[in-house]
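In the UniProt record's numbering, the protein residues as written are 1 to 666.
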């Protein structure tokens with residue numbers, strides 16, 4: 001529902017978000033009240049000790065205060081349970097209850113101070129049990145007060161005061177948007193929103209050295225977040241409920257039997273199957289290099305019990321000087337991990353860069369004698385600088401003579417590819433490699449951010465090395481425009497596992513997800529707390545997806561294209577405080593966030609079945625050629641993150657490669 005309005009400003013919490021925290025506090029307060037009541041009853045008439053008079057007043061006042069708070073909490077939880085996400089009418093009295101609850105914090109604070117003074121008084125000589133009970137009550141009071149302050153800080157919306165100005169008027173009076181005063185106010189809202197997001201990003205990146213590139217990136221990313229969150233009035237609880245509903249809705253659709261035509265369209269011919277088996281074997285081999293680029297964090301993650309012992313044995317060895325190493329690699333941990341993961345020797349490495357800044361990511365160049373290839377492996381996201389590179393999602397042109405229509409590319413990833421391109425060509429790294437192995441072919445690999453960077457780097461090097469190949473593992477979805485994506489189908493292979501979130505990430509897909517969340521949340525006829533509880537149970541214990549009734553049931557297809565009133569209450573496209581945040585694009589300029597696609601031909605690996613035991617798990621995978629339309633929508637699943645992890649990708653590819661090898665031997 002729209003954010004709760006208190007003290008004349010909007011807060012990042014809904015009136016139906018108090019059920020679960022309120023019930024938890026109610027349970028704590030009840031146990032606390034029972035304990036204090038028993039303590040007072042047992043010791044009644046025994047307050048003659050020094051300090052006993054103040055103790056009697058404190059306990060009696062605390063019993064009355066806790067009883068008042070319990071009554072208010074009962075009313076708060078009951079009212080918050082009423083209505084639905086998009087129907088806050090039954091909860092209209094909740095702000096008054098909240099004001100009452102907040103007023104009770106003043107006497108609670110005073111009583112906590114009184115209790116602390118009494119406990120700290122050395123002249124008090126009452127029974128040990130009483131002193132311990134009061135000490136526990138004082139500690140509980142301060143804990144609740146501190147957590148309440150933290151909660152207020154979390155749900156505080158810095159733009160709440162400006163946004164509430166544009167909430168719909170009760171009498172439906174519309175404001176004159178053409179007035180100069182309104183325009184100035186809208187500009188102020190837009191500037192404030194950008195500054196707020198920029199401050200949040202700076203706070204998250206406070207540990208890294210910030211230069212001009214960082215400041216430009218902060219502003220660009222702040223505008224991206226401002227634009228994305230500017231046209232809805234959803235609170236985090238609404239988004240969580242929407243994701244739960246979408247997850248269960250998708251599971252219901254997947255459990256439905258497929259049409260025969262849909263099954264046939266996914267059945268490749270024998271020729272395509274042979275080609276797929278070859279590419280899967282190559283992908284399994286080169287995924288080792290992409291994973292090795294992560295260095296010791298990946299090696300320790302995949303070998304938690306033995307990695308440190310193995311690496312510590314190599315940390316004191318002198319690294320041969322045949323390989324050029326740039327950047328910091330303390331104790332030789334990164335290089336030692338790369339050697340153990342790839343199985344190569346020191347002499348097989350041409351260049352290794354551990355240098356990491358925004359738009360400048362680590363990579364290494366090595367000789368792969370098994371495949372007779374010069375491999376350029378680019379590291380994926382592993383630092384705050386890499387995250388900033390990922391989030392610099394503006395589009396820029398990439399000029400190529402071979403492509404009739406110049407395409408758009410992800411700006412941050414393109415700058416990272418340009419950095420590596422300059423190192424490989426201008427510093428003569430590739431010339432050095434081909435001088436050593438002139439008959440070898442060039443292969444560029446990477447995972448996640450490294451996969452996207454490797455793809456754009458392959459496009460840049462295609463003119464100079466016509467036979468190069470690129471394997472992009474789990475690359476970002478919003479990477480190349482349609483013309484460039486089609487151009488790369490001859491030399492780039494993208495490998496996607498399951499419901500990988502990153503492979504489906506693009507601004508159009510995120511906008512689509514936002515619309516789907518708003519639609520399913522607005523049309524669900526269940527209270528939010530029921531959705532959250534059922535979703536947690538379903539995620540942990542499984543079972544059948546819940547069939548939540550919605551207002552969409554029984555509507556004809558034409559009516560489904562029209563938004564319901566509940567949807568419009570959560571979307572503020574026509575609200576000046578949000579709609580004005582969108583700058584009008586120039587007629588001759590490209591859209592800021594056009595549709596971008598995955599690079600090259602796409603292999604989609606899907607887990608068909610899995611069996612888990614106490615110490616191990618076994619999964620069976622299938623793979624098929626896919627197309628970019630399959631990844632045009634974000635799928636909500638517990639595996640949407642784990643399917644992206646490099647160890648999961650490597651495990652799936654190794655499983656398919658071994659299965660293919662066993663079939664050939666048979």
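Where is the CB? At the ideal position from N, CA and C, for every residue including glycine.
Residue(s) in a DSSP beta bridge with residue i
| i | result |
| --- | --- |
| residue 6 | 9 |
| residue 156 | 11 |
| residue 625 | 603 |
| residue 497 | 605 |
| residue 84 | 87 |
| residue 74 | According to DSSP, residue 74 bridges with nothing at all. |
| residue 597 | 480 |
| residue 620 | 609 |
| residue 205 | According to DSSP, residue 205 bridges with nothing at all. |
Residues of its chain near residue i, where Cβ-Cβ distance is below 7 Å and the 5 sequence neighbours each way are ignored
| i | result |
| --- | --- |
| residue 107 | 65 |
| residue 61 | 111 |
| residue 414 | 396, 398 and 456 |
| residue 6 | 95 and 98 |
| residue 627 | 602 |
| residue 198 | 218, 219 and 222 |
| residue 460 | 417 and 421 |
| residue 228 | 510 |
| residue 69 | 29 and 104 |
Candidates the options, of which the one nearest residue i by Cα
| i | options | result |
| --- | --- | --- |
| residue 667 | 31, 154 and 100 | Any answer about residue 667 is impossible in this case: the structure gives the chain only from 1 up to 666. |
| residue 358 | 531, 293 and 214 | 214 |
| residue 476 | 410, 467, 117 and 469 | 410 |
| residue 484 | 117, 632, 255 and 600 | 600 |
| residue 525 | 73, 48, 465 and 83 | 83 |
| residue 519 | 117, 194, 43 and 232 | 232 |
| residue 528 | 128, 340 and 16 | 16 |
| residue 67 | 101, 451 and 482 | 101 |
| residue 658 | 638, 283 and 363 | 283 |
| residue 109 | 149, 130 and 631 | 149 |
| residue 192 | 219, 307 and 206 | 219 |
| residue 160 | 281, 647 and 8 | 8 |
| residue 354 | 423, 594 and 307 | 423 |
| residue 286 | 366, 241 and 306 | 366 |
| residue 326 | 546, 351 and 343 | 351 |
| residue 55 | 131, 33, 156 and 10 | 131 |
| residue 226 | 254, 206, 252 and 196 | 196 |
| residue 634 | 536, 648, 509 and 534 | 509 |
| residue 224 | 206, 646 and 201 | 201 |
| residue 241 | 458, 537, 85 and 79 | 85 |
| residue 121 | 103, 87, 71 and 52 | 52 |
| residue 294 | 649, 450 and 75 | 450 |
| residue 470 | 464, 33, 522 and 489 | 489 |
| residue 194 | 206, 212 and 216 | 216 |
| residue 656 | 393, 466 and 279 | 279 |
6 Å Cβ shell around residue i - same chain, five flanking residues per side excluded
| i | result |
| --- | --- |
| residue 247 | 636 |
| residue 506 | 477, 478 and 596 |
| residue 271 | Here residue 271 scores only 38 on pLDDT, less than 50, and its place in the model should not be relied on; the value that follows carries that caveat. If we look at residue 271 and ignore the five residues flanking it on each side, it has no Cβ neighbours. |
| residue 356 | 362, 383 and 385 |
| residue 452 | 413, 475, 476 and 479 |
| residue 499 | 635, 637, 639, 640 and 643 |
| residue 376 | 365 and 444 |
| residue 39 | 133 |
Chain-order list of residues whose beta-carbon lies under 8 Å from that of residue i (same chain, five-residue window excluded)
| i | result |
| --- | --- |
| residue 77 | 18, 19, 22, 23 and 26 |
| residue 341 | 288, 291, 292, 298 and 299 |
| residue 261 | Caution is warranted here: a pLDDT of 42 is assigned to residue 261, below 50, making its placement in the model unreliable, and the coordinate value is therefore given only provisionally. Excluding sequence neighbours, residue 261 sits near nothing in its chain. |
| residue 58 | 111, 114, 115, 118 and 134 |
| residue 309 | none |
| residue 610 | 617, 618, 619 and 620 |
| residue 448 | 380, 381, 473, 474, 475, 476, 502, 644 and 646 |
> Does the segment 363 to 373 touch the segment 383 to 390, meaning 3 or more C-beta pairs lie closer than 8 Å?
Replying inline: In short, these stretches do not touch, since the Cβ pair count stays below three.
>> For the segment 225 to 241 against the segment 375 to 382, do three or more pairs of beta-carbon atoms, one drawn from each stretch, fall closer than 8 Å, so that the two count as touching?
In response: Touching, no.
> For the 8 Å Cβ check, are there 3 or more pairs between the segment 619 to 627 and the segment 510 to 523?
Replying inline: No: the two stretches stay apart, fewer than three of their Cβ pairs being nearer than 8 Å.
> Between the segment 494 to 501 and the segment 598 to 610, are three or more C-beta pairs nearer than 8 Å?
Replying inline: Yes, the segment 494 to 501 is in contact with the segment 598 to 610.
> Is the segment 534 to 548 touching the segment 87 to 100 in the sense that three or more CB pairs, one from each, lie closer than 8 Å?
Replying inline: No, they do not touch.
> Where in the segment 97 to 152 do unbroken runs of the alpha helix (DSSP H), each at least 4 residues long, occur, reported from the N-terminal end onward?
Replying inline: Fully enclosed alpha helix (DSSP H) runs of no fewer than 4 residues occupy 105 to 120 of the segment 97 to 152, in order along the chain.
>> Restricting to runs no shorter than 4 residues, where is the alpha helix (DSSP H) found entirely within the UniProt domain "Fungal lipase-type" (375 to 507)?
In response: If we require 4 residues or more, the alpha helix (DSSP H) runs fully inside the UniProt domain "Fungal lipase-type" (375 to 507) come out as 384 to 391, 411 to 426, 429 to 436, 449 to 461 and 482 to 487.
>> Report the start-end ranges of each beta strand (DSSP E) in the segment 323 to 374 that is 3 residues or longer and not cut off at the edges.
In response: Fully enclosed beta strand (DSSP E) runs of 3 or longer: 324 to 326, 349 to 353 and 363 to 368.
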